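Participant:
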Amino acid sequence: MPQYQQGYYQQGPPQQGYYQQQPQVVYVQQPQQRRDDGCCDGCCKSCCQVLCCLCCLEMLCGDCCGPDGTGGPVVVVAEKNSIAKALFEHISAGVGERHVFNSEYQFVKNYKCQLNNTTLFNKYIENNGLYNVNIDLTITAVAGHVTSFDIENAKTTYKWSQEKSDHLKLLTEAPIENKFSANDNDKHLGEKIAKNIYNLCRDADHLIICTDCDREGEYIGWEVFMSANFGYNFKKTLDCSVLNKPIGGSTKFNRGNTWRMKFSHLERNHMIDAVRNPGKLNENIINAVRCRSEIDLRSGTSFTRLLTNYYRNVSNIVENDGNSKGSFVVSYGPCQFPTLGFVVDRYDRIQAFSAEMYWSIFIQLDIFSTKLKWDRNRLFDRYVVAQIYENLYQRESEYVRIENLDSKSVLKFKPYPLTTVDLQKDCSKYFKISAKRSLNAAEYLYQQSFISYPRTETNKFAANFDFKKILDQLQENGKFKFISRTKLQPGSSNFSIPRSGQRDDGAHPPIHPIISMSDDKFNSLTHDQKQVYEYIVRRFLASCSKDAVGEQTSLTVRWGVNKNDPISLKNGELFHVSFLKVTHKNWLEYMPFCHWGATSKKVQDEIEANKELLSRMRVGDFLKMKETGMTEGKTAPPKPLTETELITLMDKNGIGTDATIADHIEKIKTRKYVVKDNKECLVPTNLGISLVHGFQDIGLDDSITKPFFRGDFESYLVDICDGKAHREVITHQVIQRYVKYYRKTSDNLTKLGAAYSRSRS
DNA sequence: GCAAGGTC
Numbered sequence: 001m002p003q004y005q006q007g008y009y010q011q012g013p014p015q016q017g018y019y020q021q022q023p024q025v026v027y028v029q030q031p032q033q034r035r036d037d038g039c040c041d042g043c044c045k046s047c048c049q050v051l052c053c054l055c056c057l058e059m060l061c062g063d064c065c066g067p068d069g070t071g072g073p074v075v076v077v078a079e080k081n082s083i084a085k086a087l088f089e090h091i092s093a094g095v096g097e098r099h100v101f102n103s104e105y106q107f108v109k110n111y112k113c114q115l116n117n118t119t120l121f122n123k124y125i126e127n128n129g130l131y132n133v134n135i136d137l138t139i140t141a142v143a144g145h146v147t148s149f150d151i152e153n154a155k156t157t158y159k160w161s162q163e164k165s166d167h168l169k170l171l172t173e174a175p176i177e178n179k180f181s182a183n184d185n186d187k188h189l190g191e192k193i194a195k196n197i198y199n200l201c202r203d204a205d206h207l208i209i210c211t212d213c214d215r216e217g218e219y220i221g222w223e224v225f226m227s228a229n230f231g232y233n234f235k236k237t238l239d240c241s242v243l244n245k246p247i248g249g250s251t252k253f254n255r256g257n258t259w260r261m262k263f264s265h266l267e268r269n270h271m272i273d274a275v276r277n278p279g280k281l282n283e284n285i286i287n288a289v290r291c292r293s294e295i296d297l298r299s300g301t302s303f304t305r306l307l308t309n310y311y312r313n314v315s316n317i318v319e320n321d322g323n324s325k326g327s328f329v330v331s332y333g334p335c336q337f338p339t340l341g342f343v344v345d346r347y348d349r350i351q352a353f354s355a356e357m358y359w360s361i362f363i364q365l366d367i368f369s370t371k372l373k374w375d376r377n378r379l380f381d382r383y384v385v386a387q388i389y390e391n392l393y394q395r396e397s398e399y400v401r402i403e404n405l406d407s408k409s410v411l412k413f414k415p416y417p418l419t420t421v422d423l424q425k426d427c428s429k430y431f432k433i434s435a436k437r438s439l440n441a442a443e444y445l446y447q448q449s450f451i452s453y454p455r456t457e458t459n460k461f462a463a464n465f466d467f468k469k470i471l472d473q474l475q476e477n478g479k480f481k482f483i484s485r486t487k488l489q490p491g492s493s494n495f496s497i498p499r500s501g502q503r504d505d506g507a508h509p510p511i512h513p514i515i516s517m518s519d520d521k522f523n524s525l526t527h528d529q530k531q532v533y534e535y536i537v538r539r540f541l542a543s544c545s546k547d548a549v550g551e552q553t554s555l556t557v558r559w560g561v562n563k564n565d566p567i568s569l570k571n572g573e574l575f576h577v578s579f580l581k582v583t584h585k586n587w588l589e590y591m592p593f594c595h596w597g598a599t600s601k602k603v604q605d606e607i608e609a610n611k612e613l614l615s616r617m618r619v620g621d622f623l624k625m626k627e628t629g630m631t632e633g634k635t636a637p638p639k640p641l642t643e644t645e646l647i648t649l650m651d652k653n654g655i656g657t658d659a660t661i662a663d664h665i666e667k668i669k670t671r672k673y674v675v676k677d678n679k680e681c682l683v684p685t686n687l688g689i690s691l692v693h694g695f696q697d698i699g700l701d702d703s704i705t706k707p708f709f710r711g712d713f714e715s716y717l718v719d720i721c722d723g724k725a726h727r728e729v730i731t732h733q734v735i736q737r738y739v740k741y742y743r744k745t746s747d748n749l750t751k752l753g754a755a756y757s758r759s760r761s
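So the first sequence is numbered by UniProt numbering: it starts at 1 and just counts up by one.
#1: In angstroms, rounded to a whole number, what distance separates the CA positions of Q489 and S496?
#2: Given a cut-off of 9 Å, decide if C113 and S92 are closer than it, judged by their beta-carbon atoms.
#3: Looking at the structure shown, is D658 part of a helix, part of a strand, or coil, going by DSSP?
#4: Where E589 and D528 are concerned, what is the direct C-alpha to C-alpha distance, given to the nearest angstrom?
#5: Where do the N-terminal and C-terminal ends of the beta strand (DSSP E) with K371 fall, by residue?
#6: If you draw a straight line from the C-alpha of F413 to the C-alpha of P498, how long is it?
#7: I need the DSSP call for K195, collapsed to helix, strand or coil.
#8: Check for me: the beta strand (DSSP E) holding H206 runs from which residue to which?
#9: So, are the CB atoms of R727 and N287 less than 9 Å apart?
#10: Check F234 in the structure and name its three-state DSSP category.
#11: Give every residue of the same chain whose Cβ lies closer than 8 Å to the Cβ of H314, excluding the five residues on either side of it in the sequence, and list them in chain order.
#12: Buried or exposed for W596, please, with buried defined as at least 16 other CB atoms from any protein chain shown within 10 angstroms of its CB.
#13: Between the alpha carbons of E645 and V739, how many angstroms are there, rounded?
#14: In its own chain, which residues sit with a C-beta less than 8 Å from the C-beta of L340, not counting the 5 before and 5 after it?
#15: Is the beta carbon of Y358 closer than 9 Å to that of K634?
#16: Terminal residues of the continuous beta strand (DSSP E) containing A141?
#17: Considering Cα atoms alone, identify which of T419, W160 and N199 is closest to D505.
#18: Determine the closest residue to S409 out of A542, Q364, T304 and F579, with distance taken between C-alpha atoms.
#19: Quick one: measure Cβ to Cβ for R401 and G620, integer angstroms, because I've assumed they're closer than 8 Å.
#20: Would you identify the three-state DSSP class for H576, choosing helix, strand or coil?
#21: Please report how far the alpha carbon of T556 lies from the alpha carbon of K585, in whole angstroms.
#22: Answer with buried or exposed for N178, where buried requires no fewer than 16 other C-beta atoms within 10 angstroms of its C-beta.
#23: Between E294 and F149, how many whole angstroms is the CB-CB distance? I'm expecting something under 8 Å.
#24: Can you grab the Cα-Cα spacing for the pair D136 / H265, in whole Å?
#25: State the CB to CB distance for the pair G501 and N459, rounded to an integer number of angstroms; the pair is presumed to be in contact (CB under 8 Å).
#26: Under the three-state reduction of DSSP, which class applies to C681: helix, strand or coil?
#27: Quick check on this structure: which residue in I511, T648 and L405 has the alpha carbon closest to the alpha carbon of S615?
#28: Please state if the CB of N229 and the CB of K262 are separated by a distance shorter than 9 Å.
#29: Inspect the CB distances between the stretch 729-748 and the stretch 297-305 and report whether three or more fall short of 8 Å.
#30: Would you call Y416 buried or exposed, if buried means 16 or more other Cβ atoms sit within 10 Å of its Cβ?
#31: Strictly by DSSP, which residues pair up with S554?
#32: Below 8 Å, can you find three or more Cβ-Cβ pairs linking the stretch 507-517 to the stretch 536-543?
#33: Quick one: Cα of V343 to Cα of I363, how far?
#34: Taking K98 as part of the beta strand (DSSP E), name the residues at either end of that continuous run.
#35: Starting from C594, follow the alpha helix (DSSP H) in both directions and report where the run begins and ends.
#36: Taking C-alpha atoms, which residue in Q475, P509, G333 and V532 lies nearest to I433?
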């Protein structure tokens, strides 16, 4: 335990100006006995809850606590620059000197400062205690993955021009290399980032991994760890088997001084808490990502080459679909194909549809213009309907008897807390913003700290979630003043705790606003950003509001009974109608673009005009009819798939992630498997149809173009994460399945060609 | 020229 050092403490605040506009400072004249956690009881918010250090959280007041020495430098690495920056601003608020340096990669910066007397790292004492010390802190970032996998010797040994039997080796034996990431703007992106981390970490005692709290984030954390240890040699060092070897003496960073902080949004106190209470990298999760990457690469490359080489030789296909031969690729991907499958499945159902005629009967009463529907809805035999109609009319042409009339209170439940997929679907539905665009806007809002992490599957808030804090924050926002008027607050009559959905990704809360936004800031946003931010705020308010309440009036009448003939009472046909009047909009106030099938104003007025009459009516009374008639119609085919429906299907079937669903849809468009029709619906091309039908003929549709295989695979990955299965075993099993599929496809390629010819005829 | 997953 560090010893208390007499004489260190000074009078007054350590840094003038730092305590401005803060609550009354409480100084302790005499240092007191330290507690077990190293605090002297009486100074800092971080340890004692006394206000003198409220403003900084990290720095001790200088009155009673002092440093035990200087710790070695600490390096924090985030998944993206914006998070590094946000964290730096949180931690270094009020620190005298702060420096920002460029890294070699243009989108990553290094943020440096010195923290004096900090308690922030008090829990990092397992190996090398940092306890009330002065720390050189550097925060930097990666930009997503540092490396990616590819086939080694793809241009020499494993060429496109090989025999199809040789492409099988891509599945089974081709070595996989770990390359530094590159993009169009920078071919050396990954290398620069690894080098930056390595250089910063040379003198560091502790490495803190601050990547996103999900499966890929864990793997990126591993890439950071390897960069810190090996720098640019990382590429050669990393074959991922290193994971299974003990990391110890030979590497600078190991389990003892490498930390994983977990956070789910960028709010200050939450992030500070995450730094204070770090965990460790989870090797199981890293292995699961490694497994997915390898299988996606091997299956993707082998099948893409097999298909591309075959289709190029099918007569006319290149010309017919407007491709140039050089760029014509028929790619297979374990997410692309099921996505295409959904589109073709709908197309097939439309093709198989044949319309049928149906007939029905309606009546209209004197007192309102809404027509009453026949209880039998419709029949597909004109003669039968005509007979029934005729009988009714002959028996009674003027009156119907009331069989049921009641009025009851009904609810429309408020929406669940917001997930990414719901955000994408709703923005598409209500504001015509595509999935890709709404995600981009949400990402910006997140990086600006206005909303929580935008990629989440969770639709329930934590039990201790502080709704009041956020509602208070929003109330300051000029743009959403309506909140102030209605005073939606815990304890107020219109507040109720949000509903809890069934999904929880364990990493992120539902999407919600974090802080308020000034009018100026709001006005500076793009159209998409405004819509998405406003939607997120409104949805949050709606989820904190109460269910909507309506009054539903239902009326059922019988036509074909005679007022003066009691024996006829069981005869005739039933007709019904119901009206809805919304009495308490509640959450609907916040989401005015949501409609609850309320009866039209015109009909409500008619009912209002006949209110007195209606209130007197009882079962058994008779009402006068104004009009009756027989109608005919045709059953309609299903409509082509909309993007919103496709997102729903992909989400439900686990195809892609929140962040990639929109990308897969784009991919099957660029491959010309599908096109959009004039109503923005997705329809398959001949090429797309031939792939799905061809694999059906080969007998692999369940595994290739349907989502089941990907779903199975996902559950294997969960087993790896949970430590119930080994990466090597799962990889081998799945690859063996693909080998079988490959052989079968390879032997039956002509079935794809036949399906293509068929689709054109 | 091939995947899916990150991010810019």
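Yeah, the Cβ is synthetic: ideal placement off N, Cα and C, and Gly gets one too.
Predicted, not measured: the structure shown is a model, and the values here were computed from it.
Facilitator: Reading off the structure:
#1: Sequence index remark: in the first sequence, residue 489 carries index 489 (1-based). Sequence index remark: in the first sequence, residue 496 carries index 496 (1-based). About 9 Å.
#2: Taking the first residue of the first sequence as position 1, residue 92 is located at position 92. Taking the first residue of the first sequence as position 1, residue 113 is located at position 113. Taking 9 Å as the Cβ cut-off, S92 and C113 qualify as a contacting pair.
#3: Start at 1 with the first residue of the first sequence, and residue 658 comes out as number 658. Of the three classes helix, strand and coil, the one that applies to D658 here is coil, per DSSP.
#4: What you label residue 589 is simply residue 589 of the first sequence in a count that begins at 1. What you label residue 528 is simply residue 528 of the first sequence in a count that begins at 1. C-alpha separation (whole angstroms): 22 Å.
#5: Locating residue 371 in the first sequence gives position 371, counting from the first residue. Looking at the DSSP string, the run of the beta strand (DSSP E) that includes K371 is K371 to W374.
#6: Taking the first sequence and counting its residues from 1, the one referred to as residue 413 is at position 413. Taking the first sequence and counting its residues from 1, the one referred to as residue 498 is at position 498. Those two C-alpha atoms are separated by around 11 Å.
#7: Translated into the one-based positions of the first sequence, residue 195 becomes position 195. If DSSP states are grouped into helix, strand and coil, K195 belongs with the helices.
#8: Here residue 206 refers to the residue found at position 206 when the first sequence is read from its first residue. Its beta strand (DSSP E) spans residues H206 to C210.
#9: The residue you call residue 727 lines up with position 727 of the first sequence. The residue you call residue 287 lines up with position 287 of the first sequence. Result yes, Cβ atoms of R727 and N287 sit closer than 9 Å.
#10: Locating residue 234 in the first sequence gives position 234, counting from the first residue. Residue state, collapsed to three classes: helix.
#11: Residue 314 sits at position 314 when you count from the first residue of the first sequence. It should be noted that the sequence gives Val, not His, for residue 314. Closer than 8 Å at Cβ, skipping near neighbours: L752, G753 and Y756.
#12: Here residue 596 is taken as the residue at index 596 of the first sequence, counted from 1. So W596 ends up on the exposed side.
#13: Taking the first sequence and counting its residues from 1, the one referred to as residue 645 is at position 645. Taking the first sequence and counting its residues from 1, the one referred to as residue 739 is at position 739. Answer to the nearest angstrom: the Cα atoms are 33 Å apart.
#14: Residue 340 sits at position 340 when you count from the first residue of the first sequence. Closer than 8 Å at Cβ, skipping near neighbours: I668, Y673, V674, P684, G688, L691, V692 and T705.
#15: Position 634 of the first sequence, counted from the start, is the residue given in the question as residue 634. Position 358 of the first sequence, counted from the start, is the residue given in the question as residue 358. A contact, by the Cβ cut-off of 9 Å.
#16: Position 141 of the first sequence, counting from 1, holds the residue named residue 141. Looking at the DSSP string, the run of the beta strand (DSSP E) that includes A141 is V133 to A141.
#17: Translated into positions along the first sequence, residue 505 becomes position 505. Out of T419, W160 and N199, T419 has the C-alpha closest to the C-alpha of D505.
#18: Sequence index remark: in the first sequence, residue 409 carries index 409 (1-based). When only C-alpha atoms are compared, the closest one is F579.
#19: Translated into positions along the first sequence, residue 401 becomes position 401. Translated into positions along the first sequence, residue 620 becomes position 620. Confirmed, Cβ separation roughly 7 Å.
#20: In the first sequence, residue 576 corresponds to position 576, counting from 1. Reduced to three states, the DSSP call for H576 is strand.
#21: Locating residue 556 in the first sequence gives position 556, where the first residue counts as 1. Locating residue 585 in the first sequence gives position 585, where the first residue counts as 1. Cα to Cα, T556 sits roughly 27 Å from K585.
#22: Your numbering for residue 178 matches position 178 in the first sequence. Flag for N178 reads buried.
#23: In the first sequence, residue 294 corresponds to position 294, counting from 1. In the first sequence, residue 149 corresponds to position 149, counting from 1. Yes, they are in contact, since the Cβ atoms of E294 and F149 sit about 7 Å apart, within 8 Å.
#24: In the first sequence, residue 136 corresponds to position 136, counting from 1. In the first sequence, residue 265 corresponds to position 265, counting from 1. In a straight line, the C-alpha of D136 is about 25 Å away from that of H265.
#25: Taking the first residue of the first sequence as position 1, residue 501 is located at position 501. Taking the first residue of the first sequence as position 1, residue 459 is located at position 459. With a Cβ gap of about 3 Å, G501 and N459 count as contacting.
#26: Position 681 of the first sequence, counted from the start, is the residue given in the question as residue 681. The answer is coil: DSSP assigns C681 none of H, G, I, E or B.
#27: Counting from 1 along the first sequence, the entry for residue 615 is found at position 615. The shortest Cα separation from S615 among I511, T648 and L405 belongs to L405.
#28: Counted from its first residue, the first sequence places residue 262 at position 262. Counted from its first residue, the first sequence places residue 229 at position 229. No, they are not a contact pair.
#29: yes
#30: Residue mapping note: residue 416 aligns to position 416 of the first sequence, counting from 1. Result: buried.
#31: Here the question's residue 554 lines up with position 554 in the first sequence. In the DSSP output, where bridge partners are listed per residue, S554 has D406 and S578.
#32: yes
#33: If you number the first sequence from 1, residue 343 lands on position 343. If you number the first sequence from 1, residue 363 lands on position 363. Approximately 41 Å between the Cα atoms of the pair.
#34: Here residue 98 is taken as the residue at index 98 of the first sequence, counted from 1. Here residue 98 is Arg; the residue named in the question, Lys, does not match the sequence. From DSSP, the beta strand (DSSP E) with R98 extends over R98 to N102.
#35: Translated into positions along the first sequence, residue 594 becomes position 594. Counting along the chain, C594 falls outside any alpha helix (DSSP H), and DSSP gives it neither H nor E.
#36: Looking up residue 433 in the first sequence gives position 433. Minimum Cα distance to I433 is reached at V532.
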